[in-house]
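The block underneath contains the structure these notes are about, expressed in structure tokens.
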Amino acid sequence: MNAVERGRGVVLAAYGRGALVHDGLAPRRCGLVGRRLKPVCGDVIGWRRDSASLEPQIESIEPRRNCLERIDSRGRPEPVAANIDRVAIVVAPEPRPDWFLVDRYWAAALHHGIEAILLVNKCDLAADGMAEEIACLQGLGLPCLTLSCRTGEGIDVLRAATGTGATLIVGQSGVGKSSLVNRLAPEAAATTATLGRDREGRHTTTTARRYPLSDRAAIVDAPGVRDFAPPARLDRAAEHGFVEIRSRSADCRFADCRHLEEPDCAVRSALSRQEISARRYESYRRLARLYAMLAKH
Ligand SMILES: Nc1nc2c(ncn2[C@@H]2O[C@H](COP(=O)(O)OP(=O)(O)O)[C@@H](O)[C@H]2O)c(=O)[nH]1
Ligand SMILES: [Mg+2]
Ligand SMILES: [Zn+2]
Numbered sequence: 128m129n130a131v132e133r134g135r136g137v138v139l140a141a142y143g144r145g146a147l148v149h150d151g152l153a154p155r156r157c158g159l160v161g162r163r164l165k166p167v168c169g170d171v172i173g174w175r176r177d178s179a180s181l182e183p184q185i186e187s188i189e190p191r192r193n194c195l196e197r198i199d200s201r202g203r204p205e206p207v208a209a210n211i212d213r214v215a216i217v218v219a220p221e222p223r224p225d226w227f228l229v230d231r232y233w234a235a236a237l238h239h240g241i242e243a244i245l246l247v248n249k250c251d252l253a254a255d256g257m258a259e260e261i262a263c264l265q266g267l268g269l270p271c272l273t274l275s276c277r278t279g280e281g282i283d284v285l286r287a288a289t290g291t292g293a294t295l296i297v298g299q300s301g302v303g304k305s306s307l308v309n310r311l312a313p314e315a316a317a318t319t320a321t322l323g324r325d326r327e328g329r330h331t332t333t334t335a336r337r338y339p340l341s342d343r344a345a346i347v348d349a350p351g352v353r354d355f356a357p358p359a360r361l362d363r364a365a366e367h368g369f370v371e372i373r374s375r376s377a378d379c380r381f382a383d384c385r386h387l388e389e390p391d392c393a394v395r396s397a398l399s400r401q402e403i404s405a406r407r408y409e410s411y412r413r414l415a416r417l418y419a420m421l422a423k424h
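In terms of the working numbering, the sequence shown opens at residue 128 and continues consecutively.
As structure tokens, this is what we get:
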């Protein structure tokens with residue numbers, strides 16, 4: 128007779144009908160008990176195995192501290208990764224930075240009360256026209272780190288900055304997210320190659336993939352998060368993601384000012400005095416518009 132074996136682990140990658148789980152020793156594939164459980168990368172799970180010859184099955188998911196989401200093609204939120212401690216936003220001289228996307232990643236982190244950091248990668252290349260935006264974000268309180276995966280410059284500082292907790296790496300395609308993950312977690316390159324496809328043979332690189340860095344730290348490569356968005360359920364959601372707007376809203380005439388057309392708006396006064404960056408304000412407007420659209424659905 129076989130005894131039931133049980134254990135706990137962290138989801139490294141979630142697939143349709145199972146997950147790759149790290150149980151403190153090694154990654155292993157787990158199935159799911161029933162049809163209701165939907166594990167997400169970073170979930171702490173309980174598994175059971177009824178017989179040594181069978182694959183372990185996930186039977187429980189512990190409550191999440193947080194869960195970052197993206198908006199799917201139908202405008203619905205879709206989980207990307209759970210239990211994140213830090214969002215590292217990567218930009219580089221090429222591809223040309225999409226600063227609106229950077230704002231949105233930062234806004235998502237602010238929403239969740241998660242630390243954010245800006246990683247300026249490829250410092251081995253000429254960084255034309257990036258300094259102004261970087262200075263602006265830094266001035267607003269976003270820590271900024273310059274590095275190069277190619278030369279290794281700044282990697283030690285990044286290693287120290289990611290030494291505890293789970294860091295989610297986000298950014299446009301091509302900025303060097305996977306290169307960064309491979310630098311920090313050398314086993315990443317090897318495991319991506321061997322576990323790059325799920326049981327149905329699909330490439331799993333479209334879902335988040337977590338790599339342990341130590342017993343206290345992990346890094347999460349999150350491809351396909353171009354449409355990453357802060358949760359839309361909050362009241363005045365857009366304002367929450369912009370520190371310079373939030374801090375001035377108390378001085379608007381109307382308590383529910385959206386800072387768009389309202390009279391005596393402290394935010395737009397600050398904008399006209401150039402105390403708020405016009406690009407950041409435009410970014411706020413775009414996010415406010417997105418939320419207004421989502422609220423109608
Ligand atoms: N010059 C330079 N190229 C880099 C650096 N980091 C990554 N790359 C290159 O940028 C390209 C995209 O890298 P990748 O890690 O796949 O980006 P991802 O799409 O964000 O995961 C690859 O050709 C890398 O070799 C860097 O620090 N300097
Ligand atoms: Mg990648
Ligand atoms: Zn206002």
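The C-beta atom is built at its ideal place from N, Cα and C for all residues, glycine as well. Because the structure is a prediction, the values reported are computed rather than measured.
Minimum C-alpha distance to residue i - residue among the options
i, options, result
"Tyr142", "Val207, Ala419, Asp283", "Val207"
"Ala344", "Cys194, Arg407, Val137, Cys250", "Val137"
"Ala415", "Gly268, Ala234, Ala209", "Ala234"
"Ile372", "Pro166, Arg406, Tyr411", "Tyr411"
"Glu314", "Ala153, Ala130, Leu398", "Ala153"
"Arg286", "Arg400, Ile244, Ile261", "Ile244"
"Glu205", "Ser187, Pro166, Leu237, Arg395", "Pro166"
"Leu379", "Ile172, Ala397, Phe355", "Correcting the residue identity first, residue 379 is Cys in this sequence and not Leu. Measuring from the Cα of Cys379, the nearest candidate turns out to be Ala397."
"Ile211", "Ala293, Gly240, Asp170", "Ala293"
"Asp199", "Glu242, Phe355, Gly161", "Phe355"
"Ile172", "Arg336, Arg162, Gly161, Ile188", "Ile188"
"Met420", "Gly169, Cys168, Gly202", "Gly202"
"Leu267", "Thr291, Asn309, Asp342, Ser374", "Ser374"
"His265", "Leu252, Gly158, Leu246", "Position check: residue 265 holds Gln in this sequence, whereas His was assumed. Answer by Cα proximity: Leu246."
"Ser376", "Val394, Gly240, Glu242, Phe369", "Val394"
"Asp283", "Leu164, Arg406, Leu307", "Leu307"
Chain-order list of residues whose beta-carbon lies under 7 Å from that of residue i (same chain, five-residue window excluded)
i, result
"Ser305", "Asp348"
"Arg156", "Gly145, Leu147, Glu182"
Range covered by the beta strand (DSSP E) that runs through residue i
i, result
"Glu196", "194–198"
"Glu132", "132–142"
"Leu427", "Only positions 128 to 424 of the chain appear in the structure, and residue 427 is not among them; the question remains open."
"Ser187", "184–188"
"Ala344", "344–348"
"Cys157", "154–159"
"Pro390", "Careful: Pro390 lies outside any beta strand (DSSP E) and carries neither H nor E."
"Val167", "Where Val167 is concerned, there is no enclosing beta strand (DSSP E), given that its DSSP letter is neither H nor E."
Residue i - containing alpha helix (DSSP H), residue span
i, result
"Ala397", "393–399"
"Leu417", "405–423"
"Val370", "370–373"
"Val308", "304–311"
"Glu117", "Residue 117 lies beyond the stretch modelled for the chain, which goes from 128 to 424, so this question has no answer here."
"Glu366", "364–367"
Close-in-space but distant-in-sequence residues of the same chain around residue i (CB under 8 Å, 5 per side omitted)
i, result
"Asp225", "Gln299"
"Gly485", "This structure leaves residue 485 out entirely; the chain is present only between 128 and 424."
"Leu289", "The question names Leu, yet the displayed sequence has Thr at residue 289. Cβ within range, chain order: Arg213, Ala215, Leu311, Leu340, Ala344, Ile346."
"Gly281", "Cys250, Leu272, Thr273, Leu274, Ser275"
"Ala382", "none"
"Glu221", "Lys249, Leu252, Gly301"
Contact set for residue i: own chain, Cβ-Cβ below 6 Å, skip 5 residues either direction
i, result
"Gly134", "Asp150, Trp174"
"Ser404", "Cys263"
"Asp230", "Ser410"
"Glu132", "Arg176"
Practice task
Report yes or no: do three or more beta-carbon pairs, one from the segment 204–222 and one from the segment 284–304, lie closer than 8 Å?
Solution key: Flag = yes, the segment 204–222 and the segment 284–304 touch.
Practice task
Identify every run of the beta strand (DSSP E) within the segment 219–297, keeping only runs that are complete inside it and at least 3 residues long; order them along the chain.
Solution key: With a minimum length of 3 residues, the continuous beta strand (DSSP E) runs that stay inside the segment 219–297 are 242–247, 271–273.
Handout entry: Segment contact, 8 Å Cβ cut-off, at least three pairs: the segment 144–163 with the segment 182–189
Key = Segments in contact, yes.
Handout entry: Three-pair Cβ contact test at 8 Å for the segment 373–393 versus the segment 255–264
Key = Put simply, the segment 373–393 does not touch the segment 255–264. Fewer than three CB pairs are less than 8 Å apart.
Practice task
Determine contact between the segment 190–203 and the segment 265–279, defined as no fewer than three beta-carbon pairs at a distance below 8 Å.
Solution key: The segment 190–203, when compared against the segment 265–279, does not touch it at the 8 Å Cβ threshold.
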